[in-house]
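Which chain is which? The protein sequence lines are A and B, in order. Residue numbers for the first sequence follow the numbering used here, so the first one is 1 and each next one is one higher. Residue numbers for the second sequence follow the numbering used here, so the first one is 403 and each next one is one higher.
Number of protein chains: 2
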Amino acid sequence: MFNINSFLHSDALGPAIEWKGYPKFNFIGGHNDNESIPITSLKESIDKIILKEGKTLAKYGLESGPQGYLPLRQFISKQLKKSASINCSEKELLVVSGSLQALDLVNQTFLKKGDTVIIEEENYGGTISRLRRIGVNMIGIPLEKDGMNIEALEQTLESLKKKKIRPRFIYTIPTIQNPTGTIMSVDKRKALIKLSKKFEIPIFEDDCYADLIFDKERPPAIKSYDNDGYVIYCGSFSKSIAPALRVGYLTADWSILSRILPYKTDAGSGSLEQMALAEFCKINFDSHIKILRNELKKKSDAICNALDKYFGSTADYNKPVGGIFVWINLPNNVDTSRLYELALKDGVAINPGNEWSINSSGDHKIRLCFGNPSIEEIDEGVKILAEICQKEFGIPLQIANS
Amino acid sequence: MFNINSFLHSDALGPAIEWKGYPKFNFIGGHNDNESIPITSLKESIDKIILKEGKTLAKYGLESGPQGYLPLRQFISKQLKKSASINCSEKELLVVSGSLQALDLVNQTFLKKGDTVIIEEENYGGTISRLRRIGVNMIGIPLEKDGMNIEALEQTLESLKKKKIRPRFIYTIPTIQNPTGTIMSVDKRKALIKLSKKFEIPIFEDDCYADLIFDKERPPAIKSYDNDGYVIYCGSFSKSIAPALRVGYLTADWSILSRILPYKTDAGSGSLEQMALAEFCKINFDSHIKILRNELKKKSDAICNALDKYFGSTADYNKPVGGIFVWINLPNNVDTSRLYELALKDGVAINPGNEWSINSSGDHKIRLCFGNPSIEEIDEGVKILAEICQKEFGIPLQIANS
């Protein structure tokens, strides 16, 4: 047999492990609520668009070219204006295969091994792992309840400047920050733009949760305060419609977008999904989002109730104001990497905090996603988790019997 | 304004040019025949599957995990057995976003700047440009009517071995080779496997046109003769169903596939397209392919007729036995890079041969794709091309008036 292991370069990524199905209590991954997938109206939208424009599937890029299906870009342009106060034309939009491709494309365009990037110190695990893989030096900025600590950011930028290090970008998830769930204030958004201009460092604004604030309107995007082309903005339909539809988008000034586009070498993202979304969204987006937010809020309530019931004051967290996850601080004697391993054996999948932070601040934290499990599974899974914690780490002292 | 140009690393790719629509006579790109897109049965398939399994769209990877939608992998496994004599289980298949992603993934897994790769000396432009971008040393093997010159390949491998250079893989499009349209004989397929084992060099078999032979069955894939895990095989639905559906696949021994999978960082390819294809293909694939082949054969006949009519003996080509393109050798005084530029001004897009060969063998050749233009457009476009050639290069001496 051919021996691949001795053949590959020594820094090749290690092998994937065969997938064996989901864990019974799945609190990881940005999965969404099964029952909220708008099957009927998606079907109607597809029926309509495929009969009308199906023949265009014969062309790579349909009749829209490499930036993605034009009616979808037109919807995104309108929607960003309405919900995020962003002014961008369809010419400044690139449809991508989910916001993960957006991350990869921006990274490929900007980064090389040894580069420096500024990020919120607790952050999306997929961002952290990508930057690690490239060999980027990540500098973490602490988070406050209203977003990044701007003073710390300014000091960091000053100190880097003195060392003649120019970071490649400031990466931020300002709205329902992953994993902390915080929302950056308008003042901080404006301050961030000012710093970006002052130090001439672009901002990469990852806004894939912004549609999911439960009870109020989202603040304007950082990008909306950008008059000088400093902000690269990405969004996604994964969280608002369905994760398995791999459709996200990037918007930036054409001078930037035209440098990112050549790295997209896949001849366009799936067109059927783009067509379906364009047709669906122009009629149903707002009403669908309302229903989805309600469902997610119920699940958020359910996980908070379960945490309170089984962990009591042992679990320190802020109640989610939107999104699909809660970030929980456990006592210092709980090693959450070990908790992760033990829980998985009992069918409970969680994100250990050290994968979601670039320093030790996450060592006693966990992230629990509540979008996909049912309310019953949420209750049962959190209970099992509390029982493991009690057995292994002696906390909580008591677990309520439901 | 932020100045991206002074900010990016010096080896960043140059900017994309804004897309302005297709040329009137579009003989480039692997587009397919508009009228052959099976709209009605695609719609029926989607309706059925979305009502049945639409809720699974709430999960990244549906219920199938990171290798792609299981029923689609099951169909591919069956189809590869039936049509290409390949034995692979669904566990040895990875669904990707078109065979272009397959190329990128295999390249990322195997290649670094300075590596050596063996390819047919006239080859797919997208493969050549990818390898150039990585900085790979390409060694070209001449093509004969029945595929790669195996003696030349063996000599090349011997000579590299003496220099202690181990190529990373042998890349081949054995069936309807792009651009030459040749089909590798069974004897050469077997010989290739022998050489692969002897020199311990994997083969990357790109088989995306294999379904499109007009009048006879395809030969077994090279992969079908591989008992020792030397062959990585990729295929696609772009050519057989629709290019804008971005769905292709890779199959290899799990020891190899498990090393490729970690480079797929997009959380799966579009699921709606995978579900639609799985449902469509299990009922309609064979009948659809028959219809498509007939339509493409008509267009192949049309372009050959047009070439004969307007270019006469000036255009030297082999009549396509399948696929969507014809490779044409023009007299030595025709600089086809210049022809490409002139033709584009007149609304005729062609592939100049030098982008489809790694040495000067393509300098007087052009590739014309005939899948997308109508029969009328084929005739008119080839006529305009002949007129440009006559005016610029003095050939053909006379152009027939139709």
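Backbone N, C-alpha and C define an ideal beta-carbon position, used for all residues, glycine too.
Where residue i falls, given that 16 or more other Cβ within 10 Å makes a residue buried
i, result
"GLN676 (chain B)", "buried"
"LYS20 (chain A)", "exposed"
"ASP413 (chain B)", "exposed"
"ASN372 (chain A)", "buried"
"ARG132 (chain A)", "exposed"
"ARG168 (chain A)", "buried"
"GLN398 (chain A)", "exposed"
"ALA802 (chain B)", "exposed"
"ARG620 (chain B)", "buried"
"ASN332 (chain A)", "exposed"
"SER238 (chain A)", "buried"
"ARG740 (chain B)", "exposed"
"GLN469 (chain B)", "buried"
"GLY362 (chain A)", "buried"
"MET1 (chain A)", "exposed"
"ASN434 (chain B)", "buried"
Residue i (DSSP reduced to helix, strand or coil)
i, result
"GLU63 (chain A)", "coil"
"MET550 (chain B)", "strand"
"THR56 (chain A)", "helix"
"ARG133 (chain A)", "helix"
"LEU157 (chain A)", "helix"
"ASN354 (chain A)", "helix"
"ALA349 (chain A)", "strand"
"MET403 (chain B)", "coil"
"GLU522 (chain B)", "strand"
"PHE370 (chain A)", "coil"
"LEU799 (chain B)", "coil"
"LYS493 (chain B)", "helix"
"ASN34 (chain A)", "helix"
"PHE761 (chain B)", "Strictly speaking, residue 761 (chain B) in this sequence is Asn, with Phe absent from that position. Here ASN761 (chain B) sits in coil by DSSP."
"PHE427 (chain B)", "strand"
"GLY783 (chain B)", "helix"
"LYS365 (chain A)", "strand"
"ILE141 (chain A)", "strand"
"ILE488 (chain B)", "coil"
"SER640 (chain B)", "coil"
"ILE50 (chain A)", "helix"
"TYR471 (chain B)", "coil"
"TYR627 (chain B)", "helix"
"TYR742 (chain B)", "helix"
"ILE478 (chain B)", "helix"
Per-residue contacts from residue i into chain A (C-beta, under 7 Å)
i, result
"ASN436 (chain B)", "LYS55 and ALA58"
"GLY631 (chain B)", "MET1 and PHE2"
"SER657 (chain B)", "ILE4"
"ALA593 (chain B)", "Those do not exist, as ALA593 (chain B) stays about 17 Å from chain A at its closest Cβ, beyond 7 Å."
"ALA644 (chain B)", "LEU57 and ALA58"
Proximal chain A residues relative to residue i, where beta-carbon distance stays under 8 Å
i, result
"TYR665 (chain B)", "LEU13"
"ASN774 (chain B)", "ALA58 and LYS59"
"ASP506 (chain B)", "THR265 and ASP266"
"GLU778 (chain B)", "Chain A residues near GLU778 (chain B): none, gap ~17 Å exceeds 8 Å."
"HIS433 (chain B)", "ALA58, LYS59 and TYR60"
Listed by chain order, chain B residues near residue i by CB distance under 9 Å
i, result
"PHE110 (chain A)", "PHE409, LEU410, HIS411 and ALA414"
"LYS297 (chain A)", "Near LYS297 (chain A) there are no residues of chain B at all, since even the closest Cβ is about 17 Å away, more than 9 Å."
"ARG259 (chain A)", "ILE406, ASN407, LEU410, ALA414, LEU415, GLY416, PRO417 and ALA418"
"ILE403 (chain A)", "Only positions 1 to 402 of chain A appear in this structure, which leaves residue 403 (chain A) out of reach."
"LEU245 (chain A)", "LEU459, GLY672, SER673 and LEU674"
Closer than 9 Å at the beta carbon, the chain A residues around residue i
i, result
"TRP421 (chain B)", "GLY61, SER64, GLY65, PRO66 and GLN67"
"PRO604 (chain B)", "PHE2, ILE4 and PHE7"
Proximal chain B residues relative to residue i, where beta-carbon distance stays under 8 Å
i, result
"LEU100 (chain A)", "THR667, ASP668 and ALA669"
"ILE39 (chain A)", "ILE452, LEU453, GLY456 and LYS457"
Cross-chain neighbours of residue i in chain B, by beta carbon under 7 Å
i, result
"GLU279 (chain A)", "Neighbours of GLU279 (chain A) on chain B: none; closest Cβ ~12 Å, over 7 Å."
Exercise. With a floor of 3 residues, list each beta strand (DSSP E) that falls wholly inside the segment 280 to 333 of chain A, ordered by position along the chain.
Key: The DSSP assignment places 325 to 329 as complete runs of the beta strand (DSSP E) inside the segment 280 to 333 of chain A, in order along the chain (cut-off: 3 residues).
Quiz item: Could you give the uninterrupted runs of the beta strand (DSSP E) lying entirely in the segment 167 to 218 of chain A, keeping only those of 3 residues or more?
Solution: As for any beta strand (DSSP E) of minimum length 3 sitting wholly inside the segment 167 to 218 of chain A, the runs are 170 to 172 and 203 to 206, ordered along the chain.
Practice problem: Evaluate contact between the segment 724 to 733 of chain B and the segment 576 to 584 of chain B, counting only Cβ atoms and requiring at least three cross-stretch pairs below 8 Å. | Solution: yes
Quiz item: If we count Cβ pairs, one from each stretch, closer than 8 Å, do we get three or more for the segment 206 to 213 of chain A versus the segment 630 to 644 of chain B?
Solution: no
Quiz item: Counting pairs of beta carbons, one from the segment 422 to 432 of chain B and one from the segment 760 to 771 of chain B, are three or more of them closer than 8 Å?
Solution: yes
Quiz prompt | Those runs of the alpha helix (DSSP H) which lie wholly inside the segment 645 to 679 of chain B and span at least 4 residues | solution = Counting whole runs of 4 or more residues, the segment 645 to 679 of chain B contains the alpha helix (DSSP H) stretches 656 to 662.
Self-check item: Cβ pair count under 8 Å reaching 3, the segment 480 to 489 of chain B against the segment 501 to 509 of chain B
Solution: no
Quiz item: At a cut of 8 Å, does the segment 41 to 54 of chain A reach the segment 295 to 315 of chain A through at least three beta carbon pairs?
Solution: no
Quiz prompt | At least 3 beta-carbon pairs within less than 8 Å: the segment 781 to 794 of chain B vs the segment 744 to 757 of chain B | solution = Touching, yes, given that three or more Cβ pairs across the two stretches are closer than 8 Å.
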